[in-house]
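Participant: The opening position of the sequence shown corresponds to residue 8 in my numbering, with each subsequent residue numbered one higher.
Just so it is clear, CB atoms sit at the ideal spot from N, CA and C, and this is done for glycine as well.
This one's a predicted model, so the numbers in the text were calculated from it and none came from an experiment.
Dumping the structure here so I can ask a few things about it.
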Amino acid sequence: MTPTHEQRIFRLVVVGGLPAVVAAVWLVFDSGMGARLQWALAVVVTGSWLGTALAVRERVVRPLQTLSNMVAALREQDYSLRARGARPEDALGLALWEVNTLSVEMHDRRLGALEAGALLRRVMAEIDVAVFAFDEGNALRVVNAFGARLLGQPEERLLGRNADELGLGTCLTGSAPRIMDVPVGASGGRWELRRGAFRQDGRPHRFIVLADVSRTLREEERLAWQRLIRVLAHEINNSITPIQSLAGRLQELVRRETRGEPLRTPMPGAVRAAGVRSDAGAMPAGGPALASAELRDDLERGLGVITSRAEALTRFIATYTQLARLPVPKKRPVRVSDWVHRVARLESRIRVEVVPGPDVTIDADGDQLDQVLINLVKNAADAVQGGDGGVRVRWTIHDGTLAVVVEDDGPGVGDTANLFVPFYTTKDGGTGVGLVLSRQIAEAHGGSVTLANRMGATGCEARLVLPLS
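Structure below.
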């Protein structure tokens, strides 16, 4: 059996002092003293020898036990122990001092790691980005709060489940980063996928990050439409203005010729700006008359069409310039109940039912919100007009947001993907501006507008979501 360190130290001290003890005892018994005194001295010498050996063993072993206890505490992540006698000027004190210093440093590092971990968990819980981590078997190991809301289930029910089972299997394959379609559980839009890898406990893991870029893409799309509309409005107005002026002037000339009045008058400035000579439309008094009444009627009718269509085109362009000139919201307190009832009463074609909701007040631009809700109610009324269906408006509060819902019993819409594209409309005579402008106003307030066919019933549901604060 291998002796312990304590036993080896004790034996070494005993063996080292054995020659001196033997010599001392021999001298005691050879000194001629009495037997009792000889035995007493022999016992004292032997006892001192053994006591010194035990003391030396204790002085060697006790600091080692202290060091082992401190190392064990460090292994258990207990950094509260400190060794006494830590002095850098001697060998043993230096060892104890180093262990004490190591304990302080590990305590500070652990505290920093805990604070960093708490910050990371807080950030992951607050960001509007879904984060998922999977092990080598594609089992979910980490998910943040937004990811759990995205999948519509609590975190404890998601952990350990396979990526394919969660509908995220396609996120672990293919190129990254990329823009992808709506993941399982999402309400719509476009998502950016990013993917990476890391190791935990020696095992490989992969993580994916899903960020909703729908609003960013819509903002870029809106800016592009605004630039396009400004260019179109500028160019069309530059052409329409002289056309309107020239057509009106020619109509006036036809009427004056019919009445037999002189025709020489200066041309309007807008016509001259368009490159028409100032005397091009002038005719001397008493000049040749138009060929016939039928020709005059056709000419006047054609000029009337030109004028009316030019005016219609001007109104058309003026409508679309709203998208490029929407002012910043001037927020004031708006009581939701009064706002909804006021807009519902504006629809005169059918009765709009208002379902009472919670009494809540929000900070918003009341005029702009009126425009949004008027558009949504008008679309719902258009959908049910001439039928037996109705229109209902209700509002609810959930997770710090207000949701105003306008639903109708109409036939629904067939192409919901292009409803918020400018110039696109499903109604005869529509301009395709109402929904685009409504969404732009909602997003300027930090909210959103969605339109979808109702689940389990005919008709559409328009949902306006606004933050309460």
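In the DSSP assignment, find the unbroken beta strand (DSSP E) run with ARG201 in it and report its ends.
Facilitator: Indexing the sequence shown from 1 puts residue 201 at position 194. Counting along the chain, the beta strand (DSSP E) containing ARG201 begins and ends at 198-207.
Participant: Determine the extent of the alpha helix (DSSP H) in which PRO26 is found, giving its start and end residues.
Facilitator: Residue numbering aside, residue 26 sits at position 19 when the sequence shown is read from its first letter. Looking at the DSSP string, the run of the alpha helix (DSSP H) that includes PRO26 is 12-36.
Participant: Using a threshold of 8 Å, state whether the C-beta atoms of ALA371 and PRO336 are closer than that.
Facilitator: Against the sequence shown, residue 371 aligns to sequence position 364. Against the sequence shown, residue 336 aligns to sequence position 329. Against a cut-off of 8 Å, the Cβ pair of PRO336 and ALA371 comes out as a contact.
Participant: Give the straight-line distance between the Cα atoms of ASP416 and ILE381, rounded to the nearest whole angstrom.
Facilitator: Here residue 416 is taken as the residue at index 409 of the sequence shown, counted from 1. Here residue 381 is taken as the residue at index 374 of the sequence shown, counted from 1. Roughly 18 Å between the two C-alpha positions.
Participant: For ASP487, name the three-state secondary structure that DSSP assigns.
Facilitator: Nothing about residue 487 can be read from this structure; the chain reaches only from 8 to 476.
Participant: Using the rule of at least 16 other Cβ atoms within 10 Å of the residue's Cβ for burial, across every protein chain shown, is MET77 buried or exposed?
Facilitator: The residue you call residue 77 lines up with position 70 of the sequence shown. Under this definition MET77 is a buried residue.
Participant: Looking at GLY373 and VAL341, is the spacing between their C-beta atoms short of 8 Å?
Facilitator: If you number the sequence shown from 1, residue 341 lands on position 334. If you number the sequence shown from 1, residue 373 lands on position 366. Yes, Cβ-Cβ distance for VAL341 and GLY373 is below 8 Å.
Participant: Following the continuous alpha helix (DSSP H) through ASP370, name the residue where it begins and the one where it ends.
Facilitator: One-based indexing of the sequence shown puts residue 370 at position 363. Taken as a continuous stretch (DSSP letters only), ASP370 belongs to no alpha helix (DSSP H), being part of the beta strand (DSSP E) at 368-371.
Participant: Among residues of its own chain, excluding the 5 on either side of GLU172, which ones have a beta-carbon nearer than 7 Å to its beta-carbon?
Facilitator: For this step, residue 172 is matched to residue 165 along the sequence shown. Within the same chain, GLU172 has no close Cβ partners at all.
Participant: What are the boundary residues of the beta strand (DSSP E) that GLU468 is part of?
Facilitator: Your numbering for residue 468 matches position 461 in the sequence shown. It spans 467-474 - the beta strand (DSSP E) in which GLU468 sits, taken as one unbroken run.
Participant: What are the boundary residues of the beta strand (DSSP E) that includes ASN460?
Facilitator: Translated into positions along the sequence shown, residue 460 becomes position 453. It spans 455-460 - the beta strand (DSSP E) in which ASN460 sits, taken as one unbroken run.
Participant: Classify ARG18 as buried or exposed, calling it buried when 16 or more other Cβ atoms lie within 10 Å of its own Cβ.
Facilitator: Looking up residue 18 in the sequence shown gives position 11. ARG18 comes out exposed.
Participant: Excluding the five sequence neighbours on either side, which residues of its own chain have a C-beta within less than 6 Å of the C-beta of GLY454, listed in chain order?
Facilitator: As a first step, residue 454 is located in the sequence shown; it is residue number 447 there, counting from the start. Contacts found: VAL472, LEU473.
Participant: Apart from the five residues on each side of it in sequence, which residues of its chain come closer than 7 Å, Cβ to Cβ, to ILE511?
Facilitator: Because the chain in this structure spans residues 8 to 476, residue 511 falls outside the shown range and cannot be described.
Participant: Can you list, in chain order, the residues of its chain whose CB lies under 7 Å from that of HIS114, leaving out five sequence neighbours each side?
Facilitator: Stepping through the sequence shown from its first residue, residue 114 is reached at position 107. If we look at HIS114 and ignore the five residues flanking it on each side, its Cβ neighbours are TYR86.
Participant: Check VAL398 in the structure and name its three-state DSSP category.
Facilitator: One-based indexing of the sequence shown puts residue 398 at position 391. Residue state, collapsed to three classes: strand.
Participant: Quick test of the definition: if touching needs 3 or more C-beta pairs under 8 Å, does the segment 87-95 touch the segment 56-67?
Facilitator: The segment 87-95, when compared against the segment 56-67, does not touch it at the 8 Å Cβ threshold.
Participant: Between ARG148 and the rest of its own chain, which residues show a CB-CB distance below 6 Å, the 5 nearest in sequence each way excluded?
Facilitator: In the sequence shown, counting from the first residue as 1, residue 148 sits at position 141. Excluding sequence neighbours, ARG148 sits near ALA140, ASP142.
Participant: Relative to the C-alpha of GLY23, which candidate in GLY209, LEU179, LEU57, GLU65 has its C-alpha closest?
Facilitator: Reading the sequence shown from its first residue, position 16 is the one you call residue 23. Taking only the C-alpha atoms, the option nearest GLY23 is LEU57.
Participant: Using the three-state DSSP reduction, which class does MET187 fall into: helix, strand or coil?
Facilitator: Along the sequence shown, one-based indexing puts residue 187 at 180. Correct three-state label for MET187: strand.
Participant: Sort PHE153, PRO211, ASP208, SER221 by Cα distance to ARG446 and report the nearest one.
Facilitator: Taking the first residue of the sequence shown as position 1, residue 446 is located at position 439. Nearest option by C-alpha distance: SER221.
Participant: Relative to the alpha-carbon of GLN258, which residue among ALA451, SER315, SER182 has its alpha-carbon at the smallest distance?
Facilitator: To locate residue 258, count along the sequence shown from 1; it is residue 251. With distances taken between Cα atoms, GLN258 lies closest to SER315.
Participant: Report the rounded CA-to-CA distance for ILE369 versus THR403, giving the unit in angstroms.
Facilitator: Within the sequence shown, numbered from 1, the residue matching residue 369 stands at position 362. Within the sequence shown, numbered from 1, the residue matching residue 403 stands at position 396. Approximately 13 Å, taken between the alpha carbons.
Participant: Need the endpoints of the alpha helix (DSSP H) that ALA90 sits in, please.
Facilitator: The sequence position of residue 90 within the sequence shown is 83, counting from 1. No alpha helix (DSSP H) contains ALA90, which DSSP labels as neither H nor E.
Participant: Could you check whether GLU360 and GLY394 sit closer than 8 Å to each other, using their CB atoms as the reference points?
Facilitator: The sequence position of residue 394 within the sequence shown is 387, counting from 1. The sequence position of residue 360 within the sequence shown is 353, counting from 1. No, the Cβ-Cβ distance between GLY394 and GLU360 is not below 8 Å.
Participant: Quick one: using the 10 Å Cβ neighbour count with 16 as the cut-off for buried, is ALA42 buried or exposed?
Facilitator: Here residue 42 refers to the residue found at position 35 when the sequence shown is read from its first residue. ALA42 should be labelled exposed.
Participant: Distance check for GLU468 and ALA204, CA to CA, integer angstroms please.
Facilitator: Locating residue 204 in the sequence shown gives position 197, counting from the first residue. Locating residue 468 in the sequence shown gives position 461, counting from the first residue. When rounded, the distance between both Cα atoms is 42 Å.
Participant: For a test of the three-state rule: what should DSSP assign to ASP97, helix, strand or coil?
Facilitator: Taking the first residue of the sequence shown as 1, we reach residue 97 at position 90. In this structure, ASP97 counts as coil in the three-state DSSP scheme.
Participant: Specify the secondary structure class of LEU409 as computed by DSSP and reduced to three states.
Facilitator: As a working mapping, residue 409 is identified with position 402 in the sequence shown. Reduced to three states, the DSSP call for LEU409 is strand.
Participant: Does LEU44 pass the burial test, meaning 16 or more other C-beta atoms within 10 Å, or should it be called exposed?
Facilitator: The count along the sequence shown starts at 1 and reaches residue 44 at position 37. Exposed is the call here.
Participant: Less than 8 Å between the beta carbons of LEU458 and LEU409, yes or no?
Facilitator: The sequence position of residue 458 within the sequence shown is 451, counting from 1. The sequence position of residue 409 within the sequence shown is 402, counting from 1. Their beta carbons are not under 8 Å apart, which means LEU458 does not touch LEU409 by this criterion.
Participant: In the DSSP assignment, the beta strand (DSSP E) including ALA140 goes from what residue to what residue?
Facilitator: Working through the sequence shown from its first residue, we reach residue 140 at position 133. Its beta strand (DSSP E) spans residues 136-141.
Participant: By the 10 Å Cβ neighbour count, where 16 or more other Cβ atoms means buried, how is HIS405 classified, buried or exposed?
Facilitator: Reading the sequence shown from its first residue, position 398 is the one you call residue 405. Burial call: exposed.
Participant: Compute the distance between the beta-carbons of ALA137 and LEU157, then report whether it is under 8 Å.
Facilitator: Sequence index remark: in the sequence shown, residue 137 carries index 130 (1-based). Sequence index remark: in the sequence shown, residue 157 carries index 150 (1-based). Yes.
Participant: What are the boundary residues of the beta strand (DSSP E) that includes ALA218?
Facilitator: Along the sequence shown, one-based indexing puts residue 218 at 211. Run containing ALA218: 210-219, per the beta strand (DSSP E) assignment.
Participant: Which of the three DSSP states is assigned to VAL51 in this structure?
Facilitator: Reading the sequence shown from its first residue, position 44 is the one you call residue 51. Three-state DSSP puts VAL51 in a helix.
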